[in-house]
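First comes the structure, then the notes that go with it.
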Amino acid sequence: MNMYPHGRSGRTVQEIWEDFSMSFTPAVREVVEFAKHIPGFCDLSQHDQVTLLKAGTFEVLMVRFASLFNVKDQTVMFLSRTTYSLQELSAMGMGDLLNAMFDFSEKLSSLALTEEELGLFTAVVLVSADRSGMENSASVEQLQETLLRALRALVLKNRPLETSRFTKLLLKLPDLRTLNNMHSEKLLSFRVDAQ
1 MNMYPHGRSG RTVQEIWEDF SMSFTPAVRE VVEFAKHIPG FCDLSQHDQV
51 TLLKAGTFEV LMVRFASLFN VKDQTVMFLS RTTYSLQELS AMGMGDLLNA
101 MFDFSEKLSS LALTEEELGL FTAVVLVSAD RSGMENSASV EQLQETLLRA
151 LRALVLKNRP LETSRFTKLL LKLPDLRTLN NMHSEKLLSF RVDAQ
């Protein structure tokens, strides 16, 4: 029995999944550089900086790459520039995660964030005091609160009549945690299956 059936692209599930996961690798350096430019991030202990980066990188990348998901065409373009259909990927066992990613991308896009708003939201996503293993969660929480206040002020300044927009944006945070967990579980299952 073939554990990794081939899709229309001629690639196995594992090869496609590795393409997806590895396409994020070069972008991780960009996340680190982005974090260094968040005012106050470099003032956190090195341990907490590393903890935040380890725990939040996938979520940051999901926010930054939401535009790679084409909801209308039901396709996703990996950073390798290879485009796959949702139907093809779902048939290969990636349905739950990809459906959740498409859903998240569609909801985030519907908020029509400016680059500034997206940048601040991305900082909020990364700087989360409730991450496991924090050394000084009070310092992280203080920075998180500062970023949240700045994001709220910016969102309200840009669209003062859309008072629920900030709340809708914050409701994306638990969605990102869920996606992060689903991604980790999927990677783990492929590693276990490959052995």
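Going by full-length UniProt numbering, the letters in the sequence shown line up with residues 1 to 195, in that order. For each residue, glycine too, the CB sits at the ideal point set by N, CA and C.
Counting only residues of its own chain and dropping the five nearest sequence neighbours on each side, serine 85 has a CB closer than 7 Å to the CB of Gln74, Thr75. In the DSSP assignment, methionine 62 falls within the alpha helix (DSSP H) that extends over 46-64. Using a 10 angstroms sphere on the CB of serine 110, the tally of other CB atoms stays under 16, which defines it as exposed. Only residues of its own chain outside the window of five on either side were considered, and among them Ala129 have a CB closer than 8 Å to the CB of glutamate 141, listed in chain order.
By the beta-carbon neighbour count (other beta carbons within 10 angstroms, threshold 16), arginine 81 is exposed. Distances from the CA of phenylalanine 69 to each of Val28, Lys107, Leu161 were compared; the closest alpha carbon is that of Lys107. Exposure of valine 32 is indicated by the presence of fewer than 16 other C-beta atoms within 10 angstroms of its C-beta.
The alpha carbon of threonine 25 has as its nearest neighbour, out of Arg64, Ala123, Leu79, the alpha carbon of Leu79. Counting C-beta atoms within 10 angstroms of its own C-beta, threonine 51 has 16 or more neighbours from the protein chains shown and is therefore classed as buried. For threonine 83, the uninterrupted beta strand (DSSP E) run begins and ends at 83-85, by DSSP. Counting C-beta pairs with one atom in each stretch, the segment 27-44 and the segment 87-98 have fewer than three that are closer than 8 Å, which means they do not touch.
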